[in-house]
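For reference, the structure is listed below as structure tokens.
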Amino acid sequence: MDTPAKGTIAQRDPDVKVEAGAPSAEELKAKFGRDIFRDFDYDDPKFNVNFVETLNTQLKHCPVARSNVGTGYWWVTRNEDVRRIGQDWKTFSNAQGYQPNRPEGLPYLYPEESDPPRHTAWRSALNPHLSPMAVAGYEKAIREDVNTLIDRFIDKGECEFISEFGAILPGWAFFKNILGVPVEDLALLVNGVEQGTFAPVSERAGHFAKVFEYLGAFLEKRSKQAPQDDMVSTILAGVTYEDGSPAVGTQVVGAGGYHVRRHCDDDLRDGLGDSPPSATPAGSRSAGRQPGDDAQRN
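With the first letter of the sequence shown counted as 1, position 108 gets the number 997 in our numbering; the numbers rise by one all the way through.
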């Protein structure tokens, strides 16, 4: 493999491979408002409007697209490529975070934003709480949450699915049923995660800061209580890495963060049946890196 060029993607203008018969840059701009092969932006509102058509075009003609936003990143759409990236942590590290153009000061979310051996240590500790049998134990409570949310709009006969249901339920499933957060605090956390993920980039760190501040106080309060057989006590117990060093406080709070919400999102999506083609930014493993760029960081 050739040695990859250094510098940010936006600066080094790397080659984007486009298959024969693909629309020209001018045709893409006329149809999508931008060149979705060489200048993609997953935060562009037009992507939301033309979601499936955009992905189908990329899947067919340019399965690895490029973005020039910020430091730049790669956008990978084919399942086999996404799977390879997800399994090759030595090349596509998560240790510097998976979010493209990550806001400065945003704490890392453990175990997602780590590599082995740290990732292995946290996953081993948390997995018993996320086994099929353990998750099945939350079914009754989550069904009750579903009914509660539906009751809020049933008299209207309709709803805006994402804002009134889809964006709320995963947070309830995790924060309320798994962590045991009081119901009255759920709105703060659910909104903080939602805005920390989808608000304008400059505002995301501030929203996540509120979530981490709350979780830090929540874990501190629980640490003064008797241990329980639950995920919170496991998080508080922390882990010891292979070199004998313990997880530091920010890593413990990060492990109490929103990573399980992503799994809840997947479960909700799968439960709804067919979904659009899979699209995962290269940032889901390593924002804006080519193979070989800063390959392994622990």
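Ideal Cβ placement from N, Cα and C applies to all residues, glycine included.
Top-ranked residue by Cα proximity to residue i, from the options
i: Gly1060; options: Asp1132, Phe936, Lys1045, Ile1031; result: Ile1031
i: Asn990; options: Lys1113, Arg1093, Leu1108; result: Arg1093
i: Val907; options: Phe936, Asp933, Lys949, Leu944; result: Lys949
i: Glu916; options: Asp904, Thr943, Pro934; result: Thr943
i: Pro1071; options: Ile1043, Arg1111, Ala1098; result: Arg1111
i: Pro903; options: Ala954, Ser913, Ala911, Ala909; result: Ala954
i: Thr946; options: Gly910, Lys1029, Leu1078, Ala1062; result: Gly910
i: Pro1135; options: Glu1001, Trp1011, Ala914; result: Trp1011
i: Thr1129; options: Ala914, Asp977, Ser1013; result: Ser1013
i: Ala1106; options: Gln1117, Val905, Leu1125, Asp1118; result: Leu1125
i: Asp1119; options: Asp930, Tyr931, His1008, Leu1015; result: Leu1015
Per-residue burial, residue i [other beta carbons within 10 Å of its own, 16 or more giving buried]
i: Ile1051; result: exposed
i: Asp1004; result: buried
i: Thr966; result: buried
i: Asp924; result: buried
i: Leu1019; result: exposed
i: Arg1150; result: Any reading at Arg1150 must be qualified, since the residue scores a pLDDT of 43, below 50, and its modelled position is unreliable; no value is offered.
i: Glu1073; result: exposed
i: Gly1133; result: exposed
i: Val938; result: exposed
i: Glu1049; result: exposed
i: Glu1002; result: buried
i: Asp1159; result: With a pLDDT of 42 at Asp1159, under the threshold of 50, the modelled position of this residue cannot be trusted, and the question is left open.
i: Ser913; result: exposed
i: Ala1062; result: buried
i: Ala1115; result: exposed
i: Asp1155; result: Caution is warranted here: a pLDDT of 45 is assigned to Asp1155, below 50, making its placement in the model unreliable, and no coordinate value can be reported.
i: Tyr1147; result: With a pLDDT of 41 at Tyr1147, under the threshold of 50, the modelled position of this residue cannot be trusted, and the question is left open.
6 Å CB neighbourhood of residue i in its chain, flanking five on each side removed
i: Glu1131; result: Pro1006
i: Pro992; result: Arg1093, Ala1094
i: Leu1161; result: Here Leu1161 scores only 37 on pLDDT, less than 50, and its place in the model is too uncertain to base an answer on.
i: His1008; result: Pro1000
Cutoff 7 Å; reference residue i; Cβ partners in own chain excluding five residues on either side
i: Pro1165; result: Per-residue confidence for Pro1165 stands at a pLDDT of 36, beneath the threshold of 50, marking its modelled position as unreliable; the derived number appears in the next sentence. Here the set comprises Phe940, Val941, Leu944.
i: Leu1078; result: Gly1060, Phe1064, Val1070, Val1100, Tyr1103
i: Lys935; result: Phe921, Gly922
i: Pro1021; result: none
i: Leu1075; result: Gly1060, Trp1061, Phe1064, Lys1065
Nonlocal neighbours in the same chain, by C-beta distance under 8 Å from residue i, ignoring five residues either side
i: Leu1157; result: Because Leu1157 sits at a pLDDT of 39, beneath the cut-off of 50, its placement in the model cannot be relied upon, and the point is left open.
i: Asp928; result: Arg955, Ser956, Asn957
i: Asp933; result: Gly922, Arg923
i: Phe926; result: Val905, Val907, Ala911, Ala914, Leu917, Gln947, His950, Cys951, Ala954, Arg955
i: Arg972; result: none
Cβ-heavy atom distance, residue i to the ligand GDP, below 7 Å
i: Tyr962; result: Questions concerning the ligand GDP fall outside what the structure shown contains, since it holds no ligand whatsoever.
Supposed contact pair residue j and residue i - C-beta distance, whole angstroms, cut 8 Å
i: Leu1121; j: Gly1046; result: The sequence given here places Val at residue 1121; Leu does not occur at that position. Going by Cβ atoms, the distance from Val1121 to Gly1046 rounds to 39 Å, so no, they are not a contact pair.
i: Tyr1027; j: Ile974; result: The pair is not a contact, with the Cβ atoms about 30 Å apart (cut-off 8 Å).
i: Asp977; j: Pro952; result: The Cβ separation is near 17 Å, so there is no contact.
i: Pro1017; j: Ala1025; result: Incorrect: roughly 13 Å between the Cβ atoms, too far for contact.
i: Phe1042; j: Glu1053; result: 6 Å
Would you be able to state if there are at least three C-beta pairs under 8 Å between the stretch 975 to 987 and the stretch 997 to 1014?
The stretch 997 to 1014 is in contact with the stretch 975 to 987.
Touch test, the stretch 957 to 966 against the stretch 914 to 921, Cβ-Cβ under 8 Å, three pairs minimum
As far as the Cβ criterion goes, the stretch 957 to 966 does not touch the stretch 914 to 921, which means the pair count is below three.
Counting pairs of Cβ atoms below 8 Å between the stretch 1037 to 1048 and the stretch 1086 to 1103, do you hit three or more?
Segments in contact, no.
Three Cβ pairs or more, each shorter than 8 Å: is that satisfied between the stretch 1078 to 1085 and the stretch 1096 to 1107?
Result yes; three or more Cβ-Cβ pairs closer than 8 Å.
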